[in-house]
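So the structure is just underneath, and the comments pick up after that.
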Amino acid sequence: MSTIGSNWLNYHHLYYFWRVAREGSLSRAAEQLRLSHSTLSTQIRALEESLQGELFLRSGRALSLTVLGRDILQYADEIFRLGNELSETVTGKSAASRRCLRIGIVCGIPSVLVYRLAEPVLGQSEQGPLHVQQGRLDELLDHMAAGHLHLILSEQAPPQGLSLHVYSHTVGESTISLYGTPAVAQQYKADFPRSLAGAPLLLPGRGTSLRRRVDEWLATQEIAVRVVAELDDSEALRTFAAQGHGLFPVHTALAWDLEDRLRLHRVGELAGVHERFYLLSPLRRSHRTDVQKIVLHARQRLLSSG
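Heads up: the sequence shown runs through residues 86 to 391, numbered per the numbering used here.
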């Protein structure tokens with residue numbers, strides 16, 4: 086009978102390291118794992134000894150990953166993501182009709198797109214609960230790497246150099262227009278875009294794809310505006326605009342919703358500015374029927390009018 090060598094990886098130790106690295110705190114991880122601080126610390130040290138290198142830099146209670154720690158975390162993300170998928174698959178054999186679907190939405194994406202994305206699987210008797218969470222793209226990709234998301238709707242393509250292998254499906258593209266109440270729109274519509282000098286604008290938060298594109302366009306046009314508010318939530322932008330507080334950027338393909346429901350008017354289109362939408366899915370989960378259904382539906386209808 087063969088014996089396991091001394092270099093055999095202890096996956097319990099790796100799991101403890103993974104939880105600490107993801108929590109960023111030994112104390113929080115110990116509390117969630119229901120282990121004592123000293124026990125968890127001992128397990129981490131044992132892993133470091135087996136790997137012959139330090140995984141964390143310790144400064145008081147603060148922890149940061151070493152270069153080795155970052156490398157090991159990438160492997161751990163993949164290992165435990167696959168473990169979650171294995172658990173889902175095994176569970177699915179006895180409860181295939183109630184598998185939940187977890188979708189991440191990058192902050193600032195209009196709620197009408199969120200609904201259209203989920204529409205194909207809503208109300209289906211065989212579909213389990215739908216979980217939707219919002220966040221920055223980097224945060225959502227971390228959740229996907231950990232096996233907690235099946236899809237991400239983003240207005241940005243995934244960055245280069247990801248440890249997680251993902252499919253990136255382009256599901257739509259739209260130009261960008263500025264909208265406001267009839268009175269505000271009328272004030273700035275003539276001689277657009279020169280009329281925008283000093284105009285009150287309601288903009289998505291800095292760091293979002295739409296905000297970068299609007300800022301770049303304004304810089305190219307050499308137009309200085311007055312930013313009244315920066316709002317990450319798309320519904321908040323619409324509400325502020327509907328109360329006459331300024332103009333705000335809208336995906337032109339979705340303008341029918343503003344015109345019909347809020348009676349907002351278009352001032353003009355930002356020439357040359359286009360924004361794409363992507364659905365990101367991990368390679369091993371793209372075979373799911375509900376994921377395939379959503380991707381196909383999104384390509385056909387995500388940015389359709391009405």
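A virtual CB, placed ideally from N, CA and C, is assigned to each residue, including glycine.
Check: Limits of the beta strand (DSSP E) - the one that V269 falls within; Outcome: No beta strand (DSSP E) holds V269; the alpha helix (DSSP H) holding it covers P267 to K274.
Check: At least three beta-carbon pairs within less than 8 Å, the segment 325 to 345 to the segment 276 to 291; Outcome: yes
Check: Alpha-carbon spacing of V352 relative to S262, whole angstroms; Outcome: 7 Å
Check: Beta strand (DSSP E) segments (min. 3 residues) lying fully within the segment 342 to 370; Outcome: 350 to 367
Check: Bounding residues of the alpha helix (DSSP H) (the contiguous stretch that carries R298); Outcome: S294 to Q306
Check: CB of L387 within 8 Å of CB of V269, strictly; Outcome: no
Check: Status (buried if at least 16 other CB within 10 Å, exposed otherwise) for R104; Outcome: buried
Check: Same chain only: Cβ atoms within 8 Å of H122, ignoring 5 sequence neighbours per side; Outcome: L111, S112 and A115
Check: Cβ-based burial, H235 [other Cβ within 10 Å; buried from 16]; Outcome: buried
Check: Per DSSP, cross-strand counterpart(s) of P334; Outcome: L263
Check: Contact check, N95 vs S135, beta carbons under 8 Å; Outcome: yes
Check: Residues near L343 in its chain [Cβ-Cβ closer than 8 Å; skip 5 each side]; Outcome: Y264, R323, V335 and L349
Check: Contact belief for E360 with S259 at Cβ below 8 Å, rounded distance in angstroms; Outcome: 6 Å
Check: Host beta strand (DSSP E) of S458 (start-end); Outcome: What the structure shows of the chain is the stretch from 86 to 391, and residue 458 is not part of that stretch, so it cannot be assessed.
Check: Option in C185, A203 and I308 with minimal Cα separation from G232; Outcome: C185
Check: Start-to-end residues for the alpha helix (DSSP H) that takes in S280; Outcome: No alpha helix (DSSP H) holds S280; DSSP gives it neither H nor E.
Check: Nonlocal neighbours in the same chain, by C-beta distance under 6 Å from V313, ignoring five residues either side; Outcome: P285, L287, H330 and G331
Check: Residue from V197, L381, F362 and L368 with nearest C-alpha to L295; Outcome: F362
Check: Beta-carbon proximity of A309 to A340, cut-off 8 Å; Outcome: no
Check: CB of A161 within 8 Å of CB of L249, strictly; Outcome: no
Check: Nearest to K378 (by Cα), restricted to the options V217, T127, V206 and F325; Outcome: V206
Check: F102 beta carbon less than 8 Å from that of L148; Outcome: no
Check: P244, buried or exposed, once every other Cβ within 10 Å from all chains shown has been counted against 16; Outcome: exposed
Check: Q245, DSSP secondary structure in three states; Outcome: coil
Check: Residue environment, E307, which counts as buried when at least 16 other CB atoms sit within 10 Å; Outcome: exposed
Check: Among L316, A304, D345 and L198, nearest to V358 - alpha-carbon criterion; Outcome: A304
Check: Residue environment, A338, which counts as buried when at least 16 other CB atoms sit within 10 Å; Outcome: buried
Check: Residue range of the beta strand (DSSP E) that includes S149; Outcome: A147 to L150
Check: CB contact flag (E139, T151, <8 Å); Outcome: yes
Check: Coarse secondary structure for L217, derived from DSSP in three states; Outcome: Position check: residue 217 holds Val in this sequence, whereas Leu was assumed. Strand.
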